[in-house]
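Straight run, no breaks: the sequence shown in the numbering used here ends on number 139.
Every residue gets a Cβ at the ideal spot worked out from N, C-alpha and C, and that includes glycine.
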Amino acid sequence: MAEDLCQKLQRIGQQCQFTSDTHLQLVQAAMRTPQDVVIGISFSGRTVETHKALALAANAGALSVAITGNPDSPIGQVVSHVLTTTAREDELRIGALASRMAQLAVVDVLFARIAQLRFDDLDAALAVLPRDVVNAG
Numbered sequence: 003m004a005e006d007l008c009q010k011l012q013r014i015g016q017q018c019q020f021t022s023d024t025h026l027q028l029v030q031a032a033m034r035t036p037q038d039v040v041i042g043i044s045f046s047g048r049t050v051e052t053h054k055a056l057a058l059a060a061n062a063g064a065l066s067v068a069i070t071g072n073p074d075s076p077i078g079q080v081v082s083h084v085l086t087t088t089a090r091e092d093e094l095r096i097g098a099l100a101s102r103m104a105q106l107a108v109v110d111v112l113f114a115r116i117a118q119l120r121f122d123d124l125d126a127a128l129a130v131l132p133r134d135v136v137n138a139g
């Protein structure tokens, strides 16, 4: 979900970093400033690595946001803002389909709102991308 959001934001020229490497997440989080926004995603809100990264970013002064199914979780306690998802998942979430769909909905709404705030004409902003990039593949 985080990679999806980052890719969408990059397409409209918004600087965004994503890494799945938890050690690099901690480095990036520790280097944030009050001008930055850090978003962590954890359905349970108890993912230790995500909690550590969000806490570091918050301590560095960044605006910290959690997308979680449990706003009272450890992650929910260290962030500035919580975006709560609702999904029914078993504790042992083999497929985690419901939680991923809920997170994707929040990511899409978040992206749409950022795009609305940044651009009067999103189509024009997207048209700035070179045709070779858009049509590759």
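Contact under 8 Å by Cβ, residue i with residue j
| i | j | result |
| --- | --- | --- |
| Ala64 | Thr21 | no |
| Val67 | Ser44 | no |
| Thr24 | Glu51 | yes |
| Gly71 | Ala89 | yes |
| Ala59 | Val40 | yes |
| Lys54 | Leu28 | yes |
| Met3 | Val109 | yes |
Segment limits, alpha helix (DSSP H) that includes residue i
| i | result |
| --- | --- |
| Gly15 | Segment: none, Gly15 is in no alpha helix (DSSP H) and carries neither H nor E. |
| Thr24 | Thr24 to Ala32 |
Collapsed DSSP secondary structure at residue i in the structure displayed
| i | result |
| --- | --- |
| Gly78 | helix |
| Ser46 | coil |
| Ala117 | helix |
| Asp122 | coil |
N- and C-terminal bounds of the beta strand (DSSP E) containing residue i
| i | result |
| --- | --- |
| Thr52 | Element bounds for Thr52: not the beta strand (DSSP E) but the alpha helix (DSSP H), Val50 to Asn61. |
Bridge partner(s) assigned by DSSP for residue i
| i | result |
| --- | --- |
| Ser66 | Val40 |
| Leu99 | In DSSP, Leu99 forms no bridge with anything. |
| Thr86 | Thr70 |
Does the stretch 4 to 23 come within contact of the stretch 109 to 118, defined as at least 3 CB pairs closer than 8 Å? The stretch 4 to 23 vs the stretch 109 to 118: in contact.
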